[in-house]
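In the UniProt record's numbering, the protein residues as written are 39 to 313. Report on the structure given below.
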Amino acid sequence: SDKYAVVGNPIDHTKSPLIHLSFAKETGQNIDYAAIEAPIGGFSEVVDKFRREGGLGLNITAPFKLDAFAYCTDLKERARLAGAVNAMKFEVDRVTGENFDGVGLTNDITRNLGRLMKGRRVALLGAGGAARGVVLPFLEQGPTELVIVNRTVTKAEELGRQFKQYGPITAIGYSALADKKLGRFDLVVNATSASLRGELPPISPEVFGDDCLAYELLYGKGLTPFLRLARNAGVKRLADGVGMLVEQAAEAFVWWRGLRPDTGTTIKKLTVPLE
Ligand code: ATR
């Protein structure tokens, strides 16, 4: 059967094989999907070997999205603008790179969680690799304002400069976010890595507007400090990145196999209640 895999380090907690095999079963496709741990600094050797063995496509997770970007011979526009690759397709001597993280997140927010971003105020916390990939897909949804907030303000400003031709984008630090004049937000997305260490970006409960959606990009960590702050502030819609994960996988599956799987049942299977 046709060979696919996800590459990362560490890789033991990945849900990608489960997701893709469930898509394959549902759409009647016969595929093989493995999880491969590449050594740090050894990404390209692992991909070379996978291709020699006839592999057709890879998903790429941390910390190899930039290595994957460098490896590709062809880049789709979304991957080029994100500066990172999360899916690869192999054809004879060509390697095409895509990035479905942003579209996965906006699909989850608009389709599964039923939130429009058009005409809404959006705050994006973080300016690292995870944040970079979602800036353009967010702007394409037509928010009135996208405010990028980062501890290191210069990194937020750099992202702001890079994407300012695509929409109304502002870059600030956490002290500026605390200023009441900035107002409240309809969507607050935590794209920092703070939750990995049980930390909380220094935000006040006042950032959350009425009927706000608080979205944590990480998944499977339950109520992170960010989500707990939001809940305690009275936010009713809390989400973690499980929907984004399944939606980006669905986009990769369509790209590789030409068939669109249903994401709802898979998201349900993987959802851990945020209580
Ligand atoms: P990733 O690929 O997960 O985005 P990264 O590129 O290392 O990882 O970026 C981590 C992001 O989380 C950065 O925006 C970082 O802020 P700085 O640029 O100022 O370092 C942010 N971050 C990490 N821990 C944080 C914390 N405790 N509070 C606020 N921001 C934090």
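All C-beta atoms, glycine included, are put in the ideal place defined by N, C-alpha and C.
Open item on the list: Here's a check: name, in chain order, each residue in its chain whose Cβ is nearer than 7 Å to the Cβ of W293, leaving out the five neighbours to either side.
Closed with: A125, K127 and E136
For D40, three-class secondary structure by DSSP: strand
Q. Taking C-alpha atoms, which residue in D86, F102, A100 and A72 lies nearest to V133?
A. D86
Point to revise | With 16 other Cβ atoms within 10 Å as the buried cut-off, status of T224 | key: Looking at the sequence itself, residue 224 is Asp, so the reference to Thr does not match. By the neighbour-count rule (16 or more Cβ atoms within 10 Å), D224 is buried.
- request: May I ask you to report which of helix, strand or coil DSSP gives residue 317?
  value: A query on residue 317 cannot be resolved here, the shown segment of the chain reaching from 39 to 313 and no further.
Original post:
Under 8 Å, do F176 and L162 count as touching if we go by C-beta distance?
Top reply: yes
- request: Verify the CB distance criterion: does A106 have a CB-CB separation below 8 Å to chain D?
  value: Checking the listed chains, one finds no chain D in this structure; it contains a single protein chain.
Inter-residue spacing [alpha-carbon to alpha-carbon] between V130 and P299 = 27 Å
Measuring only from the beta carbon, is S231 closer than 7 Å to any heavy atom that is part of the ligand ATR? yes
Exposure label - residue 317; buried when at least 16 CB within 10 Å:
Only positions 39 to 313 of the chain appear in the structure, and residue 317 is not among them; the question remains open.
> Using the rule of at least 16 other Cβ atoms within 10 Å of the residue's Cβ for burial, across every protein chain shown, is N97 buried or exposed?
Replying inline: buried
Near the ligand ATR: A165 beta-carbon under 7 Å from a heavy atom: yes
Would you kindly report the start and end of the unbroken alpha helix (DSSP H) that includes A194?
V191 to F201
With a threshold of 7 Å, establish whether the CB of R189 neighbours any heavy atom of the ligand ATR. yes
Could you check the C-alpha separation between R153 and R90 for me, to the nearest Å?
44 Å
Fill in: Inter-stretch contact (C-beta, 8 Å, three-pair minimum) for the segment 98–107 and the segment 247–256
no
Quiz item: Any chance the segment 274–290 sits against the segment 136–150, with 3 or more Cβ pairs inside 8 Å?
Solution: yes
Any non-hydrogen atom of the ligand ATR closer than 7 Å to K259 Cβ: no
Nearest residue (CA-CA) to K103, options P263, H51, S82 and N228: S82
Measuring CA to CA, which of S231, R295, S213 and R266 is closest to E313?
-> R266
| task | Report the partner residues of L163 according to the DSSP bridge assignment. | result | V187 and N228
Report yes if the C-beta of A169 is less than 7 Å from at least one heavy atom of the ligand ATR; otherwise report no. yes
* To do: Check each candidate in R159, A194 and V191 and name the one with the smallest Cα separation from T182.
  => R159
- Query: Whose C-alpha, out of P206, K306 and A288, is nearest the C-alpha of L59?
  - Reply: A288
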